[in-house]
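Novice: Reminder that position 45 of the sequence shown reads as 40 in the working numbering, one-by-one numbering, no gaps. Note that the Cβ used here is the ideal one computed from N, Cα and C, for glycine as well.
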Amino acid sequence: MSQTVVKNPCRCGSEKPFSQCCEPFLQRKEKPRSVRQMVRARYCAYALGAGDNREFLARTWHPATLQKVRPADLTNDNLQWQKLDIIRAEQKGDMGRVEFKASYKVPGDDKVHVHHELSLFQRSHGVWLYLEGQVREE
Ligand SMILES: [Zn+2]
């Protein structure tokens, strides 16, 4: 059994290199085919922070709900994202639901916080778009 050490592993926790995981999505070279991939890519955008990734988050937000989004919802660079756990992902036609937990820290505090959310996605012209999320109390 050989254990390969992945160089520059993707932040989404897939244990694949970033260049073969979420990077092509963030760079618009490929479209996520599943809601699971889209959640991973959006998590990476948050984890990597501002810049181009803010645009990725806005672009993958459903236009029907994007207008209610505050700039602070599109990356908060004070949060240090630790890991992503996808609890379940379901797709039915052009609708998708993903329940996940994303762990993060805030500066000056060692406590790990958990953002537990049920996200709804709708596929439009072959692209999964984030419709809305329900935050679950931990
Ligand atoms: Zn990834």
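Quick check: what's the CA-CA separation for residue 69 versus residue 111?
Specialist: Residue numbering aside, residue 69 sits at position 74 when the sequence shown is read from its first letter. Residue numbering aside, residue 111 sits at position 116 when the sequence shown is read from its first letter. Approximately 17 Å, taken between the alpha carbons.
Novice: Below 8 Å on the Cβ atoms is my contact criterion, and I expect residue 62 with residue 89 to pass it. Report the Cβ-Cβ distance as a whole number of Å.
Specialist: Looking up residue 62 in the sequence shown gives position 67. Looking up residue 89 in the sequence shown gives position 94. Rounded, the Cβ-Cβ distance is 21 Å, inconsistent with contact.
Novice: For residue 57, which of 115, 129, 73, 130 has the nearest alpha-carbon?
Specialist: Position 62 of the sequence shown, counted from the first residue, corresponds to residue 57. Closest option to residue 57, Cα to Cα, is 115.
Novice: Counting beta carbon pairs with one atom in the stretch 94 to 110 and one in the stretch 46 to 60, are three or more of them shorter than 8 Å?
Specialist: Segments in contact, no.
Novice: Quick check: what's the CA-CA separation for residue 136 versus residue 93?
Specialist: Residue numbering for the chain in the displayed model covers -4 to 133; residue 136 lies beyond these limits and cannot be assessed.
Novice: In the structure shown, what three-state DSSP assignment does residue 32 receive?
Specialist: If you number the sequence shown from 1, residue 32 lands on position 37. If DSSP states are grouped into helix, strand and coil, residue 32 belongs with the helices.
Novice: Rounded to the nearest angstrom, how far is the Cβ of residue 79 from that of residue 95, given a contact under 8 Å?
Specialist: As a working note, residue 79 is residue 84 in the sequence shown. As a working note, residue 95 is residue 100 in the sequence shown. With a Cβ gap of about 6 Å, residue 79 and residue 95 count as contacting.
Novice: Specify the secondary structure class of residue 62 as computed by DSSP and reduced to three states.
Specialist: Residue 62 sits at position 67 when you count from the first residue of the sequence shown. Here residue 62 sits in coil by DSSP.
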